[in-house]
Amino acid sequence: MKLFLFDFDGVLVDSLDVYEKTVTDCLIKINHPLTRGREEFLELFEGNFYESLVKRGVDLDVFMKAAEDILAGVDYSKMKPFGAMMPILNDLKKDHALIVISSNDSPTIQEALRLYHFNGIFQEILGSDFMFSKKEKILYAAKKYHVDLNDIYYIGDTTGDMKEGRQAGVKTVGVTWGWHSKEKMAAVEPDYLFDTPKDLLQLN
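Per the numbering used here, the sequence shown starts with residue 64, numbered consecutively.
Here it is in structure tokens:
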């Protein structure tokens, strides 16, 4: 059995507009506004998102508290699932374990997956309410599911995803249909860089 770990935003769903607005609103609420728009927002994901916030002087407890009210008002209909992922996920889950590892919070992910009929595909969702570090979440999953690091693939759409996957010692799979450009993803040299969901079947 292999373990496939999927980032949520930008890999499973097209949620850039929604997530950017959520984070932007949170930062405005706690007086740490973004000043350069989307470019600055995407820079937060060049490493661990929460570490990037701390470097900006953000108190994470204050940020997460502000996020509670704002997340409650998220309009999930403005997110769109990447439909081409569904048959790929169904194929992979026949023989392997699939887990979501994300900077987003688990209730948001669970509700979105329910609405988009991704039910029953993922064995677990490890969001920001579990722990902030994706590296630590990856290592937790490896230990829990007793899978060798060489048989674990972390699939993400940002350079930060690739960096944390490499730090955890697993195979890194960059996808180009998400938030960071193909050029930016290629620059961090993931083990694999795929342009379409069906390319993921090469890992099966």
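Backbone N, C-alpha and C fix where the C-beta goes; we use that ideal spot for every residue, glycine too. Just so you know, these numbers come straight off a predicted model, no measurement behind them.
- The beta carbons of V238 and V74 sit about 6 Å from each other, so the pair counts as a contact at 8 Å.
- Per DSSP, the continuous beta strand (DSSP E) segment holding A160 begins and ends at A160 to I164.
- Per DSSP, F126 is one residue of the alpha helix (DSSP H) stretching across L123 to A135.
- DSSP places E187 inside the beta strand (DSSP E), whose first and last residues are E187 to L189.
- In terms of Cβ geometry, V81 and M142 form a close pair [threshold 7 Å].
- With fewer than three CB-CB distances shorter than 8 Å, the stretch 243-251 does not count as touching the stretch 127-139.
- Contact between the stretch 98-106 and the stretch 173-191 is absent: fewer than 3 CB-CB pairs across the two stretches fall below 8 Å.
- Counting only runs that start and end inside the stretch 234-259, the beta strand (DSSP E) elements of at least 3 residues fall at 234-238 and 255-257.
- Counting C-beta pairs with one atom in each stretch, the stretch 114-131 and the stretch 86-95 have three or more that are closer than 8 Å, which means they touch.
- Relative to Q230, the option among F69, N111 and I93 whose CA is nearest is N111.
- C-alpha of F257 to C-alpha of G223: approximately 17 Å in a straight line.
- When only Cα atoms are considered, M225 and T235 end up about 6 Å apart.
- Listed in chain order, the alpha helix (DSSP H) runs fully inside the stretch 207-235 are 222-231, counting runs of at least 4 residues.
- Around the beta carbon of T259, fewer than 16 other beta carbons lie within 10 angstroms, which makes this residue exposed.
- Beyond the five residues adjoining it in sequence on each side, L202 comes within less than 6 Å, by CB distance, of A231 in the same chain, given in chain order.
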